[in-house]
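Working notes, beginning with the structure itself.
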Amino acid sequence: MNNPADYITGLHHLTVSVGSAQEDIDFVTQVLGMRMIKQTVLFDGAASIYHLYYANADAEVGSVWTTFPFKKAGVYGRKGSGQIETSSFSVPTASLEFWVKHLNKHNVPHSGIIERFGDKMITFEDRCGIGMAVVGCDNDNRNAWETEEISKENGIRGLFGATIRSRDIIEMDFYLTKVLNFSKVGQDGDFHRYHIKDGGAQKTIELHHVPDMEQGSWTFAVGIPHHIAFATAKDEHNLELKAYIEGFGYTDVTELKDRNYFHSIYNRTPSGALFEFATSDIGFAIDEEENLLGHQLLLPPVFEHRREEIVKPLEEIVLPKYLQV
Numbered sequence: 001m002n003n004p005a006d007y008i009t010g011l012h013h014l015t016v017s018v019g020s021a022q023e024d025i026d027f028v029t030q031v032l033g034m035r036m037i038k039q040t041v042l043f044d045g046a047a048s049i050y051h052l053y054y055a056n057a058d059a060e061v062g063s064v065w066t067t068f069p070f071k072k073a074g075v076y077g078r079k080g081s082g083q084i085e086t087s088s089f090s091v092p093t094a095s096l097e098f099w100v101k102h103l104n105k106h107n108v109p110h111s112g113i114i115e116r117f118g119d120k121m122i123t124f125e126d127r128c129g130i131g132m133a134v135v136g137c138d139n140d141n142r143n144a145w146e147t148e149e150i151s152k153e154n155g156i157r158g159l160f161g162a163t164i165r166s167r168d169i170i171e172m173d174f175y176l177t178k179v180l181n182f183s184k185v186g187q188d189g190d191f192h193r194y195h196i197k198d199g200g201a202q203k204t205i206e207l208h209h210v211p212d213m214e215q216g217s218w219t220f221a222v223g224i225p226h227h228i229a230f231a232t233a234k235d236e237h238n239l240e241l242k243a244y245i246e247g248f249g250y251t252d253v254t255e256l257k258d259r260n261y262f263h264s265i266y267n268r269t270p271s272g273a274l275f276e277f278a279t280s281d282i283g284f285a286i287d288e289e290e291n292l293l294g295h296q297l298l299l300p301p302v303f304e305h306r307r308e309e310i311v312k313p314l315e316e317i318v319l320p321k322y323l324q325v
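UniProt numbering puts the sequence shown at residues 1 to 325.
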């Protein structure tokens, strides 16, 4: 029998809770220069909350960044350990000088070009304090989305990885290496790096050891990252993976959930960070044409009869020009 952990092929998406929907759309499409590929709603809970998806030009698994705008709901959390500290995006190393100027143009404070684990990068935050980075990666051939300000040559190829704040390294190291079969490849100061498969873009996870930091919020809340999603192929692999993780004693693995564009299981890790394992066999073009991704608010079939009730409380938004059809 295969090791079910080997079904994990890399990152699927990263998800965070942000401020207002319009502020998020403007930042991600104009400052990050990503393609908006989906407007839908949060499937959990009773409140009407957008779920917005962004990606590279091809809307590929492993390039997807998703957000829940919670400002209108007035829900705020506390930053701390057990959360994603930085979500990182892959760009060509030669483009980093462009990114310094671009971030300056949009009045986004940043670190300047720094280096960790031999990778050059720039760290910064979005308007509500979500930690981000662009990381130089020269063997990532994915197709960047092009905007009026960001050329395809300088654009974001997709996700590079994620850095998790963790008060304890020992238990989280065991979970990553012995349960999920990731490889530890090094330590740089308080940062510990792990590779999925052969590492690199879409396959890099870091732990930032913060032994004296209090646990942060686990809730949906403005400015609080929510989860890291890893890619698997299909439901059968997720069910095997669920049983495998539970066999180590991590019994808080959810049942398979239908997220319309993928099916998922979730597991709370020893650090407190939430991991999702999402299938790659459905995709984002099941309910709209590929060239029109993101142009209208879509609900899963089970919610469609409640459309008026769900849509009414949502913030009014202005979409990027290319979606105004």
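Idealized CB from N, CA, C, for every residue including glycine.
What you are looking at is a predicted structure, and each value in this text was computed from that prediction instead of being measured.
I need the straight-line Cα distance from residue i to residue j, nearest angstrom please.
i, j, result
"T147", "F182", "35 Å"
"G107", "M172", "The question names Gly, but residue 107 is Asn in the sequence shown. Going from the Cα of N107 to the Cα of M172 covers about 36 Å."
"G131", "R116", "16 Å"
"residue 365", "E308", "Given that the chain is displayed from residue 1 to residue 325, the structure contains no residue 365 and the question cannot be resolved."
"Y7", "K257", "18 Å"
"residue 326", "Y53", "The chain is shown only over 1 to 325; residue 326 falls outside these bounds and no answer can be derived."
"residue 342", "E153", "For residue 342 there is no data in the structure shown, the boundaries of the chain being 1 and 325."
"E315", "A21", "7 Å"
"E304", "K38", "16 Å"
"A73", "D44", "14 Å"
"K101", "E276", "35 Å"
"A233", "D281", "6 Å"
"C137", "I156", "10 Å"
"R268", "T254", "9 Å"
"G186", "S151", "34 Å"
"M1", "V61", "Residue placement at M1 is poorly supported in this model, since its pLDDT is 47, which falls under 50; the coordinates still yield a value, given next. Taking the straight line from one Cα to the other gives about 26 Å."
"T204", "L274", "16 Å"
"E290", "K242", "32 Å"
"V95", "R306", "The amino acid occupying residue 95 in the given sequence is Ser; Val does not appear at that position. Cα to Cα, S95 sits roughly 46 Å from R306."
"F160", "N104", "22 Å"
"residue 327", "T251", "Past the boundaries of the shown model lies residue 327; the chain is included only from 1 to 325, so the question cannot be answered."
"G223", "G200", "27 Å"
Ordered along the chain, which non-local residues of its own chain (more than five positions away) have a Cβ less than 6 Å from that of residue i?
i, result
"P225", "V16, Q83 and I84"
"T40", "H51 and L298"
"L176", "F182 and Y194"
"E206", "T163, F191 and R193"
"H13", "V64, T66 and A229"
"H237", "Y7"
"Y261", "I282 and F284"
"E240", "P4"
"L319", "none"
"H110", "L103, I122 and F124"
"P270", "E171, M172 and Y175"
Is residue i helix, strand or coil by DSSP?
i, result
"G136", "strand"
"L314", "coil"
"A94", "helix"
"W99", "helix"
"P301", "helix"
"K38", "strand"
"V108", "coil"
"Y261", "coil"
"H295", "coil"
"F220", "coil"
"Q202", "coil"
"L256", "coil"
"N3", "coil"
"I25", "helix"
"D235", "helix"
"T177", "helix"
"L241", "helix"
"M121", "strand"
"K321", "helix"
"R307", "helix"
"V75", "coil"
"V64", "strand"
"Q83", "coil"
Looking only at its chain, what residues have a beta carbon closer than 7 Å to the beta carbon of residue i, apart from the 5 residues adjacent to it on each side?
i, result
"G272", "S81, G82, Q215 and W218"
"D235", "L256, H263 and T279"
"I310", "V41, S48, L299 and F303"
"G294", "M36, I37, K38, Q39 and L323"
"A144", "N56, A57, K152, G155, I156 and R157"
"D188", "R116 and F117"
For residue i and residue j, which I take to be in contact (beta-carbon distance under 8 Å), what is that distance rounded to the nearest angstrom?
i, j, result
"S48", "P313", "4 Å"
"M213", "R259", "The pair is not a contact, with the Cβ atoms about 31 Å apart (cut-off 8 Å)."
Have a look at the options and flag the residue whose alpha-carbon is nearest the alpha-carbon of residue i.
i, options, result
"E97", "Y76, G74, I122 and E115", "I122"
"Y322", "D198, F43, L292 and D252", "L292"
"E246", "S90, I37, E60 and Y266", "Y266"
"G19", "K71, G189, P109 and A94", "K71"
"L32", "G189, F124, H13 and F284", "F124"
"I25", "K101, K105 and C128", "C128"
"I196", "L11, P4 and T269", "L11"
"H208", "F277, Q202 and D190", "D190"
"M34", "G118, I114, V134 and G283", "V134"
"P4", "G112, G118, Y76 and V179", "V179"
"A59", "A285, P320 and L319", "A285"
Does any C-beta atom of chain C lie closer than 8 Å to the C-beta of residue i?
i, result
"V179", "Here chain C cannot be found, since the structure has a single protein chain."
Going by beta carbon distance, what residues of the same chain come within less than 8 Å of residue i, once the five residues before and after it are set aside?
i, result
"I114", "K120, M121, I122 and T123"
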